[in-house]
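Trainee: So the sequence shown is residues 88 to 185, counted in the working numbering. Using N, Cα and C, we set each Cβ at its ideal position, and we do this for glycine too.
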Amino acid sequence: MITDSLERAEDYYHVHAAFERAFAFLRQDALAELPTADCTLPDTGYDAAKDIEFFRDEPKSWTTVQAGSFIVFFPEVAHAPLVSDGEIHKAVLKIAVE
Numbered sequence: 088m089i090t091d092s093l094e095r096a097e098d099y100y101h102v103h104a105a106f107e108r109a110f111a112f113l114r115q116d117a118l119a120e121l122p123t124a125d126c127t128l129p130d131t132g133y134d135a136a137k138d139i140e141f142f143r144d145e146p147k148s149w150t151t152v153q154a155g156s157f158i159v160f161f162p163e164v165a166h167a168p169l170v171s172d173g174e175i176h177k178a179v180l181k182i183a184v185e
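Listed below in structure tokens is the structure:
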């Protein structure tokens with residue numbers, strides 16, 4: 088596990104080839120201006136304790152993540168966790184963006 092500030096991000100560029108570009112994205116001032124997800128049919132209200140909200144909207148697409156791979160969802164991007172036709176093994180990492 089790595090815990091550090093964005094000011095020291097360059098210390099970790101060597102960990103993965105994409106880290107420099109990813110940290111540059113996180114440093115953008117315009118993150119709040121990114122478009123929000125297309126979900127418009129809430130099924131539940133936001134649960135702050137669990138940091139989750141459910142919607143009834145039908146998915147527009149599916150992404151298959153192969154074993155040994157990862158996917159990153161930003162807070163404003165709707166996704167369907169625990170959807171699978173097989174056994175799921177995962178780790179969820181939440182990174183504060185504010």
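1. Just list the residues that DSSP pairs Asp-134 with in beta bridges.
2. Going by C-alpha distance, which of Val-159, Pro-146, Ala-167 and Ser-171 is nearest Glu-140?
3. Going by C-alpha distance, which of Ala-183, Ala-104 and Pro-129 is nearest Phe-161?
4. Does the count of Cβ pairs from the stretch 124 to 132 and the stretch 142 to 160 closer than 8 Å reach three?
5. Considering only C-alpha positions, which residue in the set Asp-138, Leu-169, Ala-111 and Tyr-133 is nearest to Thr-150?
Mentor: Reading off the structure:
1. Asp-134 is bridged by DSSP to Ile-139.
2. Ala-167
3. Considering only alpha carbons, the answer is Ala-183.
4. yes
5. Comparing Cα positions, the closest option is Leu-169.
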